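Residue numbers (our numbering), protein chains in the order written: chain W, 1 to 679; chain S, 680 to 1358.
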């Protein structure tokens, strides 16, 4: 067959039965104008005929004509249906010959797989036809339901029955040479190949199940929020570039800036930018009073260097509420360090409540797990002290200990003078799950500043520990800062190794945790330099409100002591969401911009509308955003968020299926006032 | 007061009551390091104190500290609540002095407006305080609920009661000089000003109500689809440029094409594109079999010249289904022209059913209107013949008449020879609603080809019409083509004028209509030239399947006779959605691309993955997309879709609030491998 023949189409419905009257439509034609007779008589295309295939075509045709509606999907049939005749549609997979008398063919769709049984002796043409169909073709089957022998039954959809085939119609043949077999789930092709043919890989039951679960969770989220009087509002995607954290994607337009008089060469092309989050529009929305409570399952964009398991576009569950509380005037405030608390002493309790409601509902309806009514709360300081991380994994112990007081007077004095403390991780002989991991770690290089405490040293004596214990020590500033400490990272490494060795099995129930009372401002570092010319930058973002207890300190210039009304939601050591009570006082926001962060006029200009909106009578407000892809990845227990996204990109941001990003003609770029960079 | 003072913040809770113990927190400080005492003693900031304001500050401060939760929103209170003490939060609007004894102040939020009553003689400080607060400030009120005198009651939320103020706390003062007053709804500021300060305009109850209705409708849509086993799937926004209709927005990346060996100057910058619709990903998704039924409320993008009432980004309710029908083999097929039908003779009945279900549910739950179980169906030809439009407004008559047979033999023969017919609009003396409009139209210039039939002419005699009737005639091709005819446009003009004159009042109930059996291919014109080098282009898109009755014709080359399985949903003369059964047969799709549309290799290459997906055993499938913004605009009865979008752009695509699109530095552009166009 030459190329033309292979793409020639003949509408042919191949329905082979024995005895019964097939519903068949047949027309004979060729795409090039000549009518070729395929059977002895010319059959008008709307007459049902007995269709014994007279010729031996080696290629099969799609069915492009009416066909019977199915009666069930491939996961629906149960023992109750035994004895009935059904019609199913699905993907025909590879034959499993049992013996000469009968064969199994799986028929799969997104609901499940029905086992088809064919008896070649009884229906030789049907069997031959079925065997001629390439696996992964879509077919329609008419057959009779039978219960499987009890030993054959499986606790899966349609797992108790099988369907004996009476007739089969080919709906759409698959190419016999597919890049890989999606049904071959134990022998997955390499990821790049599967991403290139994502429409084939998506056929895998795991991915299908992940997408369905994602849809279910999204619907739960919306229903809970809807029932709690939240209004879903869509915010713009074509927005404006803001100097906030990561690099933003731009969108060229055919609009240009107005030409200064007489100088048309000074016209600049104008760009939208894709938002990293709906932060600004949502604050403006709540400031307007148009809605009391906003939510959106929003697409966000971030042009970052390919970090592990990130996508250039990702989804957040985003919400904001008016009239959030600003804390409890009667809650005791520990001004002494370290500030440990198990209470929610900041504002935004309403956000906490709705999120816990959401999460509890999701885990109950999807996992069947009942979570506590209220999640554990920990202050930033406690998290850093005990776990060396602002998103602690509290599923295991091995907590960090402050050993400052147990050191020699000399060392204590030295630490005091430099405003530091000494911490340690101590793995006792009795900490069985960590013994082998501890030995492994001893062989690996340590981070600078982390010191392995050798046996028979003074420190050990002071600590009162035997040589049985493994001890690492490190100094750090007394006031915690940053996301993690070296000992915190060591703790995670020990856990990771212990799990790989099989010594440590983490509890399976999810461990949720709120972390609150973060410092509002951090000493400026390279990451955030562009948003702070002074000594300080915002730990999270500049719109976070200070705790009411620390407002006075902020105005007195004691910036490092100011805690923010920010809250992170941590699950099993992963940050799945974060938010805060916002500044609603325009004067306070202006103070933060100008006096604390010392933004210049240009930087402040991007926030002009926010400042003005606050001056139009914005209510106290706060909100949160959850990383939806990550949440789904956790719920679906996938390695990567790629497995919970229908059409993900690779780590470097390329789409192997759609072949993007791609070059664009110089002509098109010219329309947008731009061109490829010279040199 | 200098600028610095105005932005200085003092956390001051101004709660003035008479007698009762106010909850008040007061701290005295200044942002610049000096503590200033505002009252005789230094009051620790967490002691409740009797707060008589000692000084006469002329500016008011935001409340940045804990405050009591409200007990109700501003639309909640009813007669049942009379006698109770409540706490409300909201926007304080302008005082309405009734007499010396009492005043009203409206307190508004997104739920409604509660009437506050203040008795200045009883509470002079509270009254003075309230009068000092600029309108649109956010406040908290404590007061007692009283029923209004029956004559004062209104059938609106909180319309039966009023609240007598006991105390008021200022939460956030508004600037006394706002750009406009959002509460001044009868005297709207010009649209550009309101768009620039959208966060103020959104406070208008109309816009708030529109956004809430939009959220409600979105939730209805999702719930109905969810209950019908649809899976919500997010498709990519960072996609690839496709040669499909309107211009697409591009997104520069920092990725570049691989440099050919030794030639690093030949490296091209690479771009994503923003999708005009999820068409390709959704077809690939259904082809994969991962889900049976997909839906998404999807953001779409289109870089068009500013057309009337369009946005560069807009929202579609998008869905696709596997296993859609391909029609009824027994339905009679009229091969004779004109092909009028009231039946659904194409495939995709499942899409029709779910959409009717959706629309009926929306109209019932939102409007309280019960729509018919099944909508009217009309073929494209009937729509063009009777109404001269492929989206006919069937709320009024004045149908176009084919008068060919009533003309002279000479004229008939001439028309026959040129394959044309003669049509007419006839406004009889008895068509009262159109009489005056008809006179008006006589005075306006007509489209070329439309002829006003003067009194006492032969044509009139042949038509048997008196001089009382007003008649316009026009020829057109016998086989209808395009979206409307000149007489169709004239018909709409007559209706528009008649409505403006008040002679014609259209029925208020919504008139839904399916239009089916469009020609699959159109003779290529300039609009679509880039997608057709031969004589034909796709009327809708190249993936639309032909009606099964016309498949043979297509392969025989009788392209103009082929009707597509496309369906448009029309409401009151507006197209609100459209979709089709797709081609699932790769060979057929290839035939359409190569033989009918005659796409070149480059054009076909953008569809390579779709063709291959069809070859991997794609099921028969079909879907639809509804214009969600337009649907909401109709439901909310707004002039423009801007009034149902939270942050819309102007007609020219600019965002007056966020000041986008905006220039981008040359340095940033360099990172993306591009620069401003030279010259």
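The beta-carbon is built from N, C-alpha and C at its ideal position, and this holds for glycine as well. On a predicted model such as this, the values are computed, not experimentally measured, just so you know.
How about residue 345(W) and residue 381(W): do their beta carbons lie closer than 8 Å?
Taking C-beta atoms as the reference points, residue 345(W) and residue 381(W) fail to come closer than 8 Å.
Below 8 Å CB to CB, which residues in the same chain sit around residue 539(W) once its five sequence neighbours on both sides are set aside?
Result list for residue 539(W): 518, 519, 520, 521, 522, 564 and 566, in chain order.
Do three or more CB pairs link the stretch 651 to 658 of chain W to the stretch 1319 to 1339 of chain S at distances below 8 Å?
Contact between the stretch 651 to 658 of chain W and the stretch 1319 to 1339 of chain S is absent, because fewer than three Cβ pairs lie under 8 Å.
Using a C-beta cutoff of 8 Å, does residue 1342(S) count as contacting chain W?
Residue-level contact by beta carbon holds for residue 1342(S) and chain W, with a gap shorter than 8 Å.
Cross-strand partners of residue 567(W) (DSSP beta bridge):
Paired residues: 516(W) and 579(W).
If you measure beta-carbon to beta-carbon, which residues of the stretch 1294 to 1316 of chain S are closer than 8 Å to chain W?
Against chain W - using a Cβ distance shorter than 8 Å - the residues of the stretch 1294 to 1316 of chain S are 1294, 1295, 1296, 1297, 1298 and 1299.
Taking the alpha helix (DSSP H) that residue 103(W) falls in, what are its first and last residues?
Looking at the DSSP string, residue 103(W) is not in any alpha helix (DSSP H); the run it does join, the beta strand (DSSP E), is 103 to 109.
Hey, could you find the ends of the alpha helix (DSSP H) residue 357(W) is sitting in?
Its alpha helix (DSSP H) spans residues 349 to 362.
Just to confirm the assignment, what range does the beta strand (DSSP E) spanning residue 627(W) have?
In the DSSP annotation of this structure, the continuous segment of the beta strand (DSSP E) that includes residue 627(W) starts and ends at 621 to 627.
Residue 1005(S) versus chain W: which residues are under 9 Å apart at the beta carbon?
For residue 1005(S), the chain W residues whose Cβ falls inside 9 Å of its Cβ are 63, 64, 65, 66 and 67, in order along the chain.
Beta-carbon proximity list for residue 1079(S), same chain, < 8 Å, skipping 5 on both sides:
For residue 1079(S), where only same-chain residues beyond five positions count, the Cβ hits under 8 Å are 1064, 1065, 1066, 1067, 1102, 1103, 1104, 1164, 1166, 1167 and 1170.
Quick check: is the beta carbon of residue 677(W) nearer than 8 Å to any beta carbon in chain S?
It does: the Cβ of residue 677(W) has a partner Cβ on chain S nearer than 8 Å.
Mind listing the chain W neighbours of residue 949(S)? Cutoff is C-beta to C-beta under 7 Å, in chain order.
Here the neighbours are 661, 662 and 663.
DSSP on residue 1347(S), reduced to helix/strand/coil?
In this structure, residue 1347(S) counts as helix in the three-state DSSP scheme.
Can you tell me whether residue 190(W) is buried or exposed? The criterion is at least 16 other CB atoms within 10 Å of its CB, across all chains shown.
Exposed, because fewer than 16 other Cβ atoms sit within 10 Å of the Cβ of residue 190(W).
Would you call residue 69(W) buried or exposed, if buried means 16 or more other Cβ atoms sit within 10 Å of its Cβ?
Counting Cβ neighbours within 10 Å, residue 69(W) comes out exposed, since fewer than 16 surround it.
So, for residue 896(S): in the same chain, excluding its five sequence neighbours on each side, which residues have a beta-carbon less than 7 Å away from its beta-carbon?
Taking residue 896(S) as the centre and dropping the five residues before and after it, the same chain places the C-beta of 1041, 1045, 1311 and 1314 closer than 7 Å to its C-beta, in chain order.
Between residue 253(W) and chain S, is there a C-beta pair that is closer than 8 Å?
It does: the Cβ of residue 253(W) has a partner Cβ on chain S nearer than 8 Å.
DSSP three-state call for residue 199(W): helix, strand or coil?
For residue 199(W), the secondary structure class from DSSP, reduced to helix, strand or coil, is helix.
Are the CB atoms of residue 83(W) and residue 145(W) nearer to each other than 8 Å?
The beta carbons of residue 83(W) and residue 145(W) sit closer together than 8 Å.
Give me the subset of the stretch 282 to 302 of chain W whose CB atoms are less than 8 Å from a CB atom of chain S, sorted by chain position.
Only 284, 285, 287, 288, 289, 290, 291, 292, 299 and 301 from the stretch 282 to 302 of chain W bring a Cβ to less than 8 Å from some Cβ of chain S.
Taking only beta-carbon positions, decide if residue 1230(S) is within less than 8 Å of chain W.
By the rule that beta-carbons nearer than 8 Å mark a contact, residue 1230(S) touches chain W.
Kindly indicate which three-state DSSP category residue 550(W) falls into: helix, strand or coil?
DSSP places residue 550(W) in helix when its eight states are reduced to three.
Counting contacts by CB-CB distance shorter than 8 Å, is residue 1334(S) in contact with chain W?
Chain W, which has a Cβ nearer than 8 Å to the Cβ of residue 1334(S), makes this yes.
Kindly say whether residue 690(S), judged by its beta-carbon, lies nearer than 8 Å to any beta-carbon of chain W.
Any reading at residue 690(S) needs caution, since the residue's pLDDT is 30, under 50, leaving its predicted position unreliable; the model's value is listed next. It does; some Cβ of chain W falls within 8 Å.
Supposed contact pair residue 964(S) and residue 1289(S) - C-beta distance, whole angstroms, cut 8 Å:
Between residue 964(S) and residue 1289(S) the Cβ distance is about 12 Å, and since that is not below 8 Å, they are no contact.
If you follow the alpha helix (DSSP H) that residue 129(W) is part of, which residue opens it and which one closes it?
It spans 124 to 132 - the alpha helix (DSSP H) in which residue 129(W) sits, taken as one unbroken run.
Along the stretch 1215 to 1249 of chain S, where does the CB come closer than 9 Å to a CB of chain W? Name the residues.
So the list reads 1224, 1225, 1227, 1228, 1230, 1231, 1233, 1234, 1235 and 1236, given in the order they occur along the chain.
Looking at C-alpha atoms only, which residue of 1183(S), 1247(S), 982(S) and 821(S) is the closest neighbour of residue 254(W)?
For residue 254(W), the nearest C-alpha among the options comes from 982(S).
Spell out whether any CB of chain S is found under 8 Å from the CB atom of residue 98(W).
In terms of beta-carbon proximity, residue 98(W) stays away from the interface with chain S, with every pair separated by 8 Å or more.
Report the residues of the stretch 132 to 148 of chain W with a CB closer than 7 Å to any CB of chain S, ordered along the chain.
Against chain S - using a Cβ distance shorter than 7 Å - the residues of the stretch 132 to 148 of chain W are 136, 137 and 138.
Of all the CB atoms in chain S, is at least one closer than 8 Å to the CB of residue 658(W)?
Among the CB atoms of chain S, one or more fall inside 8 Å of the CB of residue 658(W).
If you compare alpha carbons, which of 128(W), 169(W) and 160(W) is closest to residue 141(W)?
Of 128(W), 169(W) and 160(W), the residue nearest in Cα terms is 169(W).
Burial state of residue 622(W) (16 or more Cβ within 10 Å):
Buried, since its Cβ has 16 or more Cβ neighbours within 10 Å.
What residue does the alpha helix (DSSP H) around residue 1167(S) start on, and which one ends it?
1165 to 1179 is the span of the alpha helix (DSSP H), which, as asked, contains residue 1167(S).
Under DSSP, the beta strand (DSSP E) around residue 300(W) begins and ends at which residues?
Taken as a continuous stretch (DSSP letters only), the beta strand (DSSP E) holding residue 300(W) covers 293 to 301.
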